[in-house]
Structures are given as structure tokens and as C-alpha cells.
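Using full-length UniProt numbering, the first residue of the sequence shown is number 1, and each one after it goes up by one.
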Amino acid sequence: CTEEDKTTLGAYMLREEAKHWWKNARQRLGAGGMMITCEMFKREFWVKYFPADIRNRKVVEFLELKQWNMTVAEYAAKFESLSAFSPNYNTPEAEYDKCVKFESGLRPEVKHLIGFSEI
Numbered sequence: 001c002t003e004e005d006k007t008t009l010g011a012y013m014l015r016e017e018a019k020h021w022w023k024n025a026r027q028r029l030g031a032g033g034m035m036i037t038c039e040m041f042k043r044e045f046w047v048k049y050f051p052a053d054i055r056n057r058k059v060v061e062f063l064e065l066k067q068w069n070m071t072v073a074e075y076a077a078k079f080e081s082l083s084a085f086s087p088n089y090n091t092p093e094a095e096y097d098k099c100v101k102f103e104s105g106l107r108p109e110v111k112h113l114i115g116f117s118e119i
């Protein structure tokens with residue numbers, strides 16, 4: 001079996017599992033003709049594919065995230081990826097707090113270069 005065959009088979013298995021899950025979730029969530037919102041979908045998805053202990057570890061990792069030896073681009077990508085696990089930082093009202101969190105994780109010399117400008 002080549003690596004390409006393994007990848008193709010793995011993708012097929014995951015796709016079929018996701019189709020089966022969504023078919024069942026849609027029947028449950030949309031019972032009675034109720035419209036399924038994006039938030040409802042995301043909540044169901046997180047419960048199914050990200051157990052609470054993993055989500056909690058990702059929240060802690062986000063809260064403790066520092067730039068250290070990463071480039072700013074690498075830090076920004078990791079920050080955005082992990083922030084998805086912290087719903088308190090994903091509202092329009094929390095945008096300022098999210099910027100403060102981002103800046104606080106930067107290395108001191110990078111913060112100094114930014115100065116008082118806004119991100």
C-alpha cells in the first residue's frame with residue numbers, strides 16, 4: 001500500500017464517518033422543521049470530535065501561549081488556531097481583549113517595536 005493509497009483510504013473513511021454523523025445530527029437538530037444554525041452545528045461538531053478534556057487543554061494552551069522562539073507569523077497562526085477553543089475571545093465585543101492577549105504574548109523586543117500602535 002503506497003502512502004497515497006493510505007491517504008486516499010483515510011480520507012474516504014473520515015468523509016464517510018462525517019457524512020453518517022451529520023445525517024444523524026441533522027435529523028436530531030432539525031426535528032420539527034427547526035432551522036439548524038451555524039452555532040448549533042459547531043456545538044454538535046465540538047462535542048463529537050473534540051472531547052471536553054482536549055478542548056480544556058487547548059484553552060489552557062491558548063491562555064498560556066507566548067511567542068518565545070516563533071516568528072510573529074508562526075505565533076499569529078498558532079494564536080488564531082488556539083483562540084478557536086476559547087469562545088470568550090471570539091465575539092465582536094472581545095476583539096480588544098483578544099488584541100491585548102496577542103500583544104501580551106509577544107517577545108519584549110517585538111512589543112517594543114510595535115510600541116503604542118494598535119494591532
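Quick reminder that beta carbons are idealized off the backbone N, C-alpha and C, glycines included.
Residue i versus residue j: straight-line alpha-carbon distance, rounded
i: Arg-15; j: Val-110; result: 42 Å
i: Arg-43; j: Thr-71; result: 32 Å
i: Ser-86; j: Leu-63; result: 9 Å
i: His-112; j: Tyr-49; result: 40 Å
i: Ala-76; j: Leu-82; result: 10 Å
i: Lys-58; j: Glu-80; result: 12 Å
i: Ile-114; j: Ile-36; result: 43 Å
i: Asn-90; j: Arg-107; result: 24 Å
i: Met-34; j: Gly-10; result: 33 Å
i: Lys-6; j: Glu-74; result: 29 Å
i: Ala-84; j: Glu-61; result: 12 Å
i: Tyr-22; j: Gly-32; result: According to the sequence as given, residue 22 is Trp; it is not Tyr. Answer to the nearest angstrom: the Cα atoms are 17 Å apart.
i: Ala-52; j: Glu-39; result: 17 Å
i: Gln-67; j: Lys-101; result: 12 Å
i: Thr-2; j: Glu-95; result: 46 Å
Sequence-distant residues of its chain with Cβ nearer than 8 Å to residue i (five each side left out)
i: Lys-78; result: Leu-65, Met-70
i: Gln-27; result: none
Close beta carbons around residue i, own chain, < 6 Å, minus the five adjacent residues each side
i: Ala-25; result: Glu-44
i: residue 125; result: Absent from the model: residue 125. The displayed extent of the chain is 1 to 119, so no value can be given.
Residue environment, residue i, which counts as buried when at least 16 other CB atoms sit within 10 Å
i: Gly-105; result: buried
Every unbroken alpha helix (DSSP H) within the UniProt domain "Retrotransposon gag" (12-107), with a cutoff of 4 residues, ordered by chain: 38-49, 52-63, 72-83, 95-104
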